[in-house]
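Below is one structure, written out as structure tokens; the observations come after it.
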């Protein structure tokens, strides 16, 4: 999304080889300029604008700046759209561009566009590179429900400005200059956001919008570009049919929070299961490791059966900046194949692993079936004991956890449940 179409000058340079007279433009230079101009024309005409959306002069954090009021209580009376319209400063070039697409989609020329027209205007703005679902997610974040039928120019500019910031980290691969004043001012304004919001009773939707803006402004450009590259690496490896598949997806369209997924390795109790992971990227990435924990419950000595916390050296003191998200996912997958019971995260599971390995495998397999969708091993003894406890009024999950903790000793499991 450029503010203006570039014009490539063919005028000769003012400097000469001797330093006194004009120097003719070389044939090679003219060819380069021809190619640049041709590429620009293709960009303008193309229905698929992703190539130019990823250019250094396209999506930008410099075209607008979001502010916070001196008195944060002002936010209590504002909807997300009202906040963006009032506290977003859009530069004149961008405002002109937004106005152009507003006017283009204002079919009846009444100074308002419908919800359907705003979908078309935003898609036009991004050269059809975003879909209706992405537009709807932006409108939903701004708490614009389907009852809102028309938008005036100011409302559209607010939506367009927020959409550019929201989509920036999805498309832009350009490393921006972190010293530019507009970015620094915004980061300064949004620092300590949680502290500034203390005592303010703002809507949950507006709080979400502010958190998205803060998350997008705080990550360093090094971290952003690195995560984008690693994200593509994982997707590419998965598409090529790697034996141990790993998946990753964005949460809220930002690179600060990811959802990972690994498959249970073969010849383990976890085979056939699918395990989801929560991945938080620190702003100091890749110099510090991501924070990862299991969302899918699992029975493993090095993973907490309660919180999903992982005991893995590369997520702590053995992390190196050369490691990647794919390294992390594959290392966690390898941990499922080769547990380290002498350095446990879950002491109960580690003890069972060392003292009763057969019971450990049965338990881990049952957890894989219940929580990770692994095929059933038809362990009727385990199922009967769970049924016995559920018939006493305990939930299936409570029964499974208690029986697992006491190595499937039903009497001790019942005693524990009754005393808790």
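Numbering (full-length UniProt numbering), first residue to last: 1 to 420.
Beta carbons are placed, not taken as given, at the ideal position from N, Cα and C, and that holds for glycine.
Non-local beta-carbon contacts of residue 248 in its own chain, meaning distances under 8 Å to residues more than five positions away in sequence, involve 231, 234, 235, 258, 259, 260, 261, 279, 325 and 329 in chain order. For the pair of segments examined, the region 123–131 was found not to touch the region 68–76: the number of CB pairs separated by less than 8 Å stays below three.
In the structure shown, the three-state DSSP call for residue 378 is coil. Counting only the Cα atoms, residue 318 lies some 39 Å from residue 416. Between the C-alpha atoms of residue 203 and residue 348 there is a straight-line separation of about 43 Å.
In the DSSP annotation of this structure, residue 295 is not part of any beta strand (DSSP E), being labelled neither H nor E. For residue 275, the enclosing beta strand (DSSP E) covers residues 274–280. Pairing residue 366 with residue 306, the inter-Cα distance amounts to about 16 Å. When secondary structure is reduced to three states using DSSP, residue 112 falls in the strand class. Excluding five sequence positions before and after residue 94, the CB atoms of its chain that fall closer than 6 Å to its own CB belong to 63, given in chain order. The Cβ-Cβ distance between residue 66 and residue 87 falls below 8 Å.
Cβ-Cβ separation between residue 156 and residue 84: approximately 11 Å, too far for a contact (criterion under 8 Å).
The way I'd put it, the region 146–154 does touch the region 108–121; three or more beta-carbon pairs between them come closer than 8 Å. Setting aside the 5 residues that flank it on each side, residue 291 is surrounded in the same chain by 280, each with a C-beta closer than 6 Å to its C-beta; the list follows chain order. Judged by DSSP secondary structure, residue 140 falls outside any beta strand (DSSP E) and instead within the alpha helix (DSSP H) spanning 132–141. Checking the DSSP bridge columns, you'll see residue 66 partnered with 88. Residue 250 is bridged by DSSP to 258.
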